[in-house]
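Okay, structure first, notes after.
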Amino acid sequence: MDLKALCMYAAVLALFLCSAATFIQSPTDVFGPVALLEPTPSSARDFGAVVSDAPFAILRPGSSADIALLLGALSSAPPRPRATVAARGVGHSLQGQAQARDGIVVETRSLPRTVVVVAAPRAGGEATACAYADVGAGALWVEVLEECLKAGLAPLSWTDYLYLTVGGTLSNAGISGQAFKHGPQISNVLQLQVVTGNGEVVTCSRTKSPDLFFAVLGGLGQFGIITRARILLQEAPPKVRWVRAFYESFETFTKDQELLISMPEQVDYVEGFMVLDEHSIRSSSVAFPASIDFSPDFGSEGRKKVYYCIEFAVHDFQQDGSSSSVDNVVELVAGEMSHMRPHMYSVEVSYFDFLNRVRMEEESLRSQGLWDVAHPWLNMFVPKHGVAQLKDLLMDTVLAGDFQGAILVYPLLTDKWDGNTSAVIPSAPGGVMYIFSVLRSADPSRCGRGCVEEILEQHRRVADEACRAGGGIGAKQYLARQPTQAHWRSHFGPTWDRFLARKARYDPVRVLGPGQGIFPWTDSASSM
Numbered sequence: 001m002d003l004k005a006l007c008m009y010a011a012v013l014a015l016f017l018c019s020a021a022t023f024i025q026s027p028t029d030v031f032g033p034v035a036l037l038e039p040t041p042s043s044a045r046d047f048g049a050v051v052s053d054a055p056f057a058i059l060r061p062g063s064s065a066d067i068a069l070l071l072g073a074l075s076s077a078p079p080r081p082r083a084t085v086a087a088r089g090v091g092h093s094l095q096g097q098a099q100a101r102d103g104i105v106v107e108t109r110s111l112p113r114t115v116v117v118v119a120a121p122r123a124g125g126e127a128t129a130c131a132y133a134d135v136g137a138g139a140l141w142v143e144v145l146e147e148c149l150k151a152g153l154a155p156l157s158w159t160d161y162l163y164l165t166v167g168g169t170l171s172n173a174g175i176s177g178q179a180f181k182h183g184p185q186i187s188n189v190l191q192l193q194v195v196t197g198n199g200e201v202v203t204c205s206r207t208k209s210p211d212l213f214f215a216v217l218g219g220l221g222q223f224g225i226i227t228r229a230r231i232l233l234q235e236a237p238p239k240v241r242w243v244r245a246f247y248e249s250f251e252t253f254t255k256d257q258e259l260l261i262s263m264p265e266q267v268d269y270v271e272g273f274m275v276l277d278e279h280s281i282r283s284s285s286v287a288f289p290a291s292i293d294f295s296p297d298f299g300s301e302g303r304k305k306v307y308y309c310i311e312f313a314v315h316d317f318q319q320d321g322s323s324s325s326v327d328n329v330v331e332l333v334a335g336e337m338s339h340m341r342p343h344m345y346s347v348e349v350s351y352f353d354f355l356n357r358v359r360m361e362e363e364s365l366r367s368q369g370l371w372d373v374a375h376p377w378l379n380m381f382v383p384k385h386g387v388a389q390l391k392d393l394l395m396d397t398v399l400a401g402d403f404q405g406a407i408l409v410y411p412l413l414t415d416k417w418d419g420n421t422s423a424v425i426p427s428a429p430g431g432v433m434y435i436f437s438v439l440r441s442a443d444p445s446r447c448g449r450g451c452v453e454e455i456l457e458q459h460r461r462v463a464d465e466a467c468r469a470g471g472g473i474g475a476k477q478y479l480a481r482q483p484t485q486a487h488w489r490s491h492f493g494p495t496w497d498r499f500l501a502r503k504a505r506y507d508p509v510r511v512l513g514p515g516q517g518i519f520p521w522t523d524s525a526s527s528m
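At position 280 of the sequence shown the residue is numbered 280 (UniProt numbering), and the sequence of numbers has no breaks.
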């Protein structure tokens, strides 16, 4: 250990001998200009609200160098660090993944959030590598959108909810209804700036330090903290034609979804959801600014009937106020679909309002007191052949009680995902997989802690059955915290050894990402 590393290690050791309840009186004596602060309540809370692990301190970095100084000091104390570190954006994780019990939470929103848009694309919405945005990882996607739209541009792939940080979604995957066409957000990144677990600041891409580049994308915060990203852009349409169509049959619903994703030249977005009752029609239509005259028979309590809704969108590049070409596209596409006639509804909205549609639903839930509550969610990727079986598994849990929330179901194409990244998707013969997202809100007046735990246990049983090696349907969980390292090993499957090797290379002392539970502190780095 050289003198610099020894001094940094001594500083961190001195810090952790201090009282956790005391603000560092002389931060310049510890990390130069970097100040560690007392934890705030939000640092031990996330959107899921089912895990609360308080850190020892928080860091609000002003630059990548601040993070590098911290990680460099902590990683210089093998065989294990004095404390672990988790990166936190807006805390939208579900099971404590951005928390660090007795460690340090790095609040990435304090990093510079500049968005620099460079060059212009070809006409007609075609993507070109010369149009991109250099973005601070602590920026929200809605901030990226707002800045890019000033230049008539926008990223290709999104998440449904835009009030998430760039670094946060790129550490997972980032999916929405555009992913069938453009892949997840991690497939649309040109370059990253990353601070590794060793405290090195590295600029990486597909051609420069590519192993780190791919490791960090979908890497669950295990190899480095993303501090900047270069995002591919395309021409942004002024308007979007937004369409919903309803179905009685799950088989017909999925068949039409697969029809739509086979038409990428005409269709720009495809999602879908289950219609469980009248409430789910209303709640899923908060942002849909058109009247929906759909009041089906949901059956009796013992014989519930479920309906389904496909949602698709077509970009409208007409500048003269005309929408005839988009009307023709929608008419053409609708003519090949087998929905319940006459239950297809469409509306034209601005591109920004379409992408920001979940914000209206958030405001509605906040007004009902159903936003800052527990969210026992389940997200799963399942190959096409297992989609009906997973639906049946889920229905046993959904219809058994009082369900509040939404269940999204829509297809993705596996060839739009780069296997070099750390993201895990199932093997899907034919190249089609589905995302099932059970997005529950637990109203505390009707579902207390015990109820939430029961829901989580139900989800665990569904996941274990669907993901079971050898006899399951080959599903993979998304945005989940696995209960044991054995579960993680099974989750990664044949890529587990690569994941271990990357961990050993970029975070050998296991400083990063304790909230994922992949590498328990009880293990030593040498066991890798």
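Idealized CB from N, CA, C, for every residue including glycine.
| Per DSSP, what kind of secondary structure is PRO514 in: helix, strand or coil? | Of the three classes helix, strand and coil, the one that applies to PRO514 here is helix, per DSSP.
| field | Given LEU456 as reference, the closest of TRP377, ARG505, CYS148 once Cα atoms are compared | value | Looking at the Cα atoms, TRP377 is the closest of the given residues.
| task | Could you check the C-alpha separation between LEU412 and ALA173 for me, to the nearest Å? | result | Their Cα atoms are separated by approximately 13 Å.
| Around the Cβ of VAL106, are there at least 16 other Cβ atoms within 10 angstroms (buried) or fewer (exposed)? | Buried: at least 16 other Cβ atoms inside 10 Å.
| said: Report the start-end ranges of each beta strand (DSSP E) in the region 114–186 that is 3 residues or longer and not cut off at the edges. | reply: DSSP runs (the beta strand (DSSP E)) wholly in the region 114–186: 115–118, 132–136, 153–155.
| task | Could you check the C-alpha separation between LEU59 and GLY91 for me, to the nearest Å? | result | Rounded to the nearest angstrom, the two C-alpha atoms are 15 Å apart.
| task | Return helix, strand or coil for ASP402, following the three-state DSSP convention. | result | Three-state DSSP puts ASP402 in coil, outside helix and strand.
| field | Beta-ladder partner(s) of LYS476, from DSSP | value | For LYS476, which the question treats as bridged, DSSP gives the partners PHE381.
| query | By Cβ distance, which residues of its chain are closer than 8 Å to GLN266, with the 5 residues on each side in sequence left out? | reply | Cβ neighbours of GLN266 beyond the five flanking positions: VAL314, VAL329, LEU332, VAL333.
| Does DSSP put PRO508 in a helix, a strand or coil? | Here DSSP, grouped into helix, strand and coil, assigns PRO508 to coil.
| task | Output yes or no for whether 7 Å exceeds the beta carbon distance between TYR163 and VAL144. | result | TYR163 is not a Cβ neighbour of VAL144, given a cutoff of 7 Å.
| Cβ shell of LYS416 (< 8 Å), same chain only, five flanking positions each side left out | For LYS416, where only same-chain residues beyond five positions count, the Cβ hits under 8 Å are ALA179, PHE180, LYS181, HIS182, GLY183, PRO184, SER187.
| message | Tell me the residue span of the alpha helix (DSSP H) that contains GLU271. | response | First-last for GLU271: 269–275, but that is the beta strand (DSSP E), not the alpha helix (DSSP H).
| request: Please report how far the alpha carbon of ASP297 lies from the alpha carbon of ARG510, in whole angstroms. | output: Cα-Cα distance, rounded: 55 Å.
| query | Should GLN482 be labelled buried (16 or more other beta-carbon atoms within 10 Å of its own) or exposed? | reply | Residue burial is scored here from C-beta neighbours: GLN482 has at least 16 other C-beta atoms within 10 angstroms and is therefore classed as buried.
| said: Checking the sheet assignment: what are the DSSP bridge partners for LYS239? | reply: Partner(s): ASP316, SER350.
| query | If HIS491 sits next to LYS503, beta carbons under 8 Å apart, how far is it from one beta carbon to the other, in whole angstroms? | reply | Separation of the CB atoms of HIS491 and LYS503 is rounded to 15 Å, and the pair is thereby denied contact status at 8 Å.
| message | Considering only the alpha carbon of each residue, which of GLN318, VAL424, ARG88 lies closest to TYR478? | response | Among GLN318, VAL424, ARG88, the Cα nearest to that of TYR478 belongs to VAL424.
| said: Give me the DSSP bridge partner(s) of ALA229. | reply: Per DSSP, VAL135, LEU192.
| What is the DSSP secondary structure of GLU278, reduced to helix, strand or coil? | Collapsing the DSSP output to three states places GLU278 in a helix.
| request: Have a look at GLN368, HIS487, SER441, VAL409 and flag the residue whose alpha-carbon is nearest the alpha-carbon of ASP402. | output: If we check each option's Cα against that of ASP402, SER441 comes out closest.
| query | Can at least three beta-carbon pairs, one atom from the region 241–258 and one from the region 337–354, be found at a separation below 8 Å? | reply | Counting Cβ pairs under 8 Å, three or more are found: they touch.
| task | State the beta-bridge partners of ALA374 as determined by DSSP. | result | As a beta-bridge residue in DSSP terms, ALA374 pairs with ALA442.
| GLU454 versus THR397, VAL286, ILE292, residue with shortest Cα-Cα distance | Comparing Cα positions, the closest option is THR397.
| said: With a threshold of 8 Å, are at least 3 pairs of Cβ atoms found where one atom belongs to the region 249–266 and the other to the region 130–140? | reply: Output reads no: the region 130–140 does not touch the region 249–266.
| task | Work out the CA separation of ASP211 and HIS487 for me, nearest whole Å. | result | Answer to the nearest angstrom: the Cα atoms are 25 Å apart.
| Are any of the Cβ atoms in chain C nearer than 7 Å to that of SER93? | Among the chains of the structure shown, chain C does not appear; only one protein chain is present.
| Cα separation between ASP443 and PHE294? | When the Cα atoms are used, ASP443 and PHE294 turn out to be separated by approximately 26 Å.
| said: What does the alpha-carbon distance come out to for the pair THR495 and VAL275? | reply: Computed Cα separation, rounded: 37 Å.
| Nearest-angstrom Cα separation, counted from GLN389 out to ASP134 | One C-alpha to the other measures close to 43 Å.
| message | With distance defined between alpha-carbon atoms, name the residue in GLY168, ARG468, GLU248 nearest to PRO342. | response | Selection GLY168, ARG468, GLU248 evaluated against PRO342 yields GLU248 as nearest (Cα-Cα).
| request: Put SER76 into one of helix, strand or coil per three-state DSSP. | output: SER76 carries a coil assignment under DSSP once its states are collapsed to helix, strand and coil.
| Relative to the C-alpha of LEU512, which residue among VAL117, ALA374, LYS384, GLY224 is closest? | Nearest C-alpha to LEU512 among VAL117, ALA374, LYS384, GLY224: GLY224.
| field | Residues bridged to ALA86 (per DSSP) | value | In the DSSP assignment, ALA86 is bridged to VAL105.
| message | Using CA atoms only, rank isn't needed, just tell me which of GLU336, VAL409, THR421 is closest to HIS394. | response | Strictly speaking, residue 394 in this sequence is Leu, with His absent from that position. Ranking the options by Cα distance to LEU394, first place goes to VAL409.
| When burial is assigned at 16 or more other CB atoms within 10 Å of the CB, is GLU271 buried or exposed? | So GLU271 counts as buried.
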